[in-house]
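Quick note: the sequence shown uses this note's numbering, first residue 17, plus one each step. Glycine included, every Cβ here is placed at the ideal spot set by N, Cα and C. For reference, the structure is listed below as structure tokens.
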Amino acid sequence: MLRKLGIVGLAVPLVAIIAALIYLFLFGETEPTFEDATQQLAQDHTVYGLDLEGRPAALVAPFGADPTRPLPLIIALHGYGSNVWEHSLYLGLIGRISVDRFLLLMPNGSRDEDGNRFWNATEFCCDFGDSNINDVEYLGSLLDEASQLVDIGPVYAVGHSNGGFMSFRLACDGLPGLRGIVSLAGTTFADEQRCADAEPVSILQIHGDADDVIRYDGAEYPGAPETVMRWARHLGCDFNAAETLPDLDLEPGRQRDDTRVVRYRQGCADGATVEHWRIAGGSHDPAFDSESIGESIVAWLFEADQRS
Numbered sequence: 017m018l019r020k021l022g023i024v025g026l027a028v029p030l031v032a033i034i035a036a037l038i039y040l041f042l043f044g045e046t047e048p049t050f051e052d053a054t055q056q057l058a059q060d061h062t063v064y065g066l067d068l069e070g071r072p073a074a075l076v077a078p079f080g081a082d083p084t085r086p087l088p089l090i091i092a093l094h095g096y097g098s099n100v101w102e103h104s105l106y107l108g109l110i111g112r113i114s115v116d117r118f119l120l121l122m123p124n125g126s127r128d129e130d131g132n133r134f135w136n137a138t139e140f141c142c143d144f145g146d147s148n149i150n151d152v153e154y155l156g157s158l159l160d161e162a163s164q165l166v167d168i169g170p171v172y173a174v175g176h177s178n179g180g181f182m183s184f185r186l187a188c189d190g191l192p193g194l195r196g197i198v199s200l201a202g203t204t205f206a207d208e209q210r211c212a213d214a215e216p217v218s219i220l221q222i223h224g225d226a227d228d229v230i231r232y233d234g235a236e237y238p239g240a241p242e243t244v245m246r247w248a249r250h251l252g253c254d255f256n257a258a259e260t261l262p263d264l265d266l267e268p269g270r271q272r273d274d275t276r277v278v279r280y281r282q283g284c285a286d287g288a289t290v291e292h293w294r295i296a297g298g299s300h301d302p303a304f305d306s307e308s309i310g311e312s313i314v315a316w317l318f319e320a321d322q323r324s
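So this is what it looks like as structure tokens:
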């Protein structure tokens, strides 16, 4: 119960002021209806409605995109107690759709007994009611339905907190076409063998080292450094060839480059990349500039995928 309450307490990215204001302006304090949200998106995009098992989702494409020409697809995976609209604004994904020419799949997790949306990701997070919902199967079925509407290229997932855990679950269990994931403040299974048969997937782990919800050094789950090392080891990356890249300024309000970057690429199976962005003093909900973080995340996904 304590970890459930802890995650609820910071599920809404309070420090993401710009995204929050946009969200409140568009939808008010409550989660928007599917119809209202898609109507807003359809002003600047081509929007397809999907519905499986009574769980509607949106597939958003650049306005006027030819559905017969393949585009990369990014799955947006929100945190516990949040929703996909809020998540996609916070991380600036919606604003990159037309610029970077990709499809954005926008599903919502199920609601638990307290009304909070969740993904059944790992043993730690966040199926607290033991519903045993198979979200890997659900997301795979959404992709199948989406493929009947548009031609889909490589698939990626971007998750925050519970959505980060779900991204790792997809990497471990496998999802057709999955080439890379970005996890913000989420980690992987406690048992390393749970992912022993995982296909090569590029991994970006973003984590604040002052996160007091999903702790940087781990607890009942692997910490961010351990998660990165596991995947680098699984992919056969050359640890001696680890690269320290220039620092990033992910939280511009702090007026300094606050994020340390380490990359593993040499020797990694199938052209995959494993990378870690450690936000010095960063919380569970870093104060990103949504436009900048969206640009950085999408650029990383497309650049990290070295497969032809």
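{"Query": "Quick one: residues in its chain with C-beta nearer than 6 Å to the C-beta of G108, no 5 flanking neighbours on either side, listed in chain order?", "Result": "S306, E307, I309, G310"}
{"Query": "Relative to the alpha-carbon of F184, which residue among G169, D60, A240 has its alpha-carbon at the smallest distance?", "Result": "A240"}
{"Query": "DSSP on F41, reduced to helix/strand/coil?", "Result": "With a pLDDT of 38 at F41, under the threshold of 50, the predicted position of this residue should be treated as unreliable, and no value is reported."}
{"Query": "Which same chain residues, not among the five before or five after F181, have their C-beta less than 6 Å away from its C-beta?", "Result": "A137, T138, C141, G202"}
{"Query": "Just to confirm the assignment: which complete beta strand (DSSP E) runs, minimum length 3, are found wholly within the stretch 89-139?", "Result": "119-122"}
{"Query": "Which residues bound the beta strand (DSSP E) around Q221?", "Result": "218-224"}
{"Query": "Do three or more CB pairs link the stretch 85-99 to the stretch 272-292 at distances below 8 Å?", "Result": "no"}
{"Query": "Per DSSP, E291 forms a beta bridge with which residues?", "Result": "L220, R279"}
{"Query": "From Q221, D189, L200, pick the residue whose C-alpha is nearest to that of Q356; which is it?", "Result": "The structure shown does not extend to residue 356, since the chain is modelled only from 17 through 324, so no value can be given for it."}
{"Query": "If you drop the 5 nearest sequence neighbours on each side, which residues of the same chain put their C-beta closer than 8 Å to that of R71?", "Result": "P123, N124, S126, Y154"}
{"Query": "Rounded to whole angstroms, how far is the Cβ of L1 from the Cβ of L66, which I believe are closer than 8 Å?", "Result": "The question about residue 1 has no answer here: the residues shown for the chain are numbered 17 through 324."}
{"Query": "If you draw a straight line from the C-alpha of L220 to the C-alpha of P170, how long is it?", "Result": "16 Å"}
{"Query": "For Y39, does the count of other Cβ atoms within 10 angstroms reach 16, so buried, or fall short, so exposed?", "Result": "With a pLDDT of only 44 at Y39, under the threshold of 50, the placement of this residue in the model should not be trusted, and no figure is reported."}
{"Query": "At the level of alpha carbons, what is the spacing between G156 and T204?", "Result": "19 Å"}
{"Query": "If I measure Cβ to Cβ from L165 and keep anything under 6 Å in the same chain, skipping five residues before and after, which residues do I get?", "Result": "Y64"}
{"Query": "To the nearest whole angstrom, what separates the beta carbons of T260 and V278, a pair I think is in contact under 8 Å?", "Result": "6 Å"}
{"Query": "Taking C-beta to C-beta, are S218 and G252 nearer than 8 Å?", "Result": "no"}
{"Query": "Within 10 angstroms of the Cβ of P302, are there 16 or more other Cβ atoms? Answer buried if so, exposed if not.", "Result": "buried"}
{"Query": "Please report how far the alpha carbon of V28 lies from the alpha carbon of S98, in whole angstroms.", "Result": "Below a pLDDT of 50, predicted positions are generally treated as unreliable, and V28, at 38, falls in that range; the measurement from the model is reported next regardless. So the two alpha carbons sit approximately 6 Å from each other."}
{"Query": "Would you mind reading off the limits of the beta strand (DSSP E) that contains H300?", "Result": "It is not in any beta strand (DSSP E) - H300 carries neither H nor E in the DSSP assignment."}
{"Query": "Quick check: the Cα distance between F41 and R281, rounded to an integer number of angstroms?", "Result": "Bear in mind that a pLDDT of 38 at F41, under 50, signals an unreliable position, so the model cannot answer this."}
{"Query": "Thinking just about the alpha-carbon of each residue, which of E161, N178, R112 is nearest to the one in H94?", "Result": "N178"}
{"Query": "What's the C-alpha gap between V152 and R133?", "Result": "16 Å"}
{"Query": "Roughly how many angstroms lie between the CA atoms of G111 and E51, to the nearest whole one?", "Result": "20 Å"}
{"Query": "My output table needs one value for L21: the three-state DSSP class, helix, strand or coil.", "Result": "Bear in mind that a pLDDT of 30 at L21, under 50, signals an unreliable position, so the number given afterwards is only what the model happens to contain. Residue state, collapsed to three classes: helix."}
{"Query": "Please look up how many angstroms separate the CB atoms of A226 and S299, rounded, as I've assumed it's under 8 Å.", "Result": "6 Å"}
{"Query": "Would you kindly work out how many angstroms separate the C-alpha atoms of A173 and V198, rounded to a whole number?", "Result": "6 Å"}
{"Query": "Applying the 10 Å Cβ sphere with the 16-neighbour rule, what's the burial state of R246?", "Result": "buried"}
{"Query": "How would you label V115, buried or exposed, when you count the other beta carbons within 10 angstroms and need 16 or more for buried?", "Result": "exposed"}
{"Query": "Beta carbon of G131, beta carbon of I168: below 8 Å?", "Result": "no"}
{"Query": "Look up S147 in the DSSP assignment and say whether it is helix, strand or coil.", "Result": "coil"}
{"Query": "Mind checking which residues open and close the beta strand (DSSP E) that includes R71?", "Result": "71-78"}
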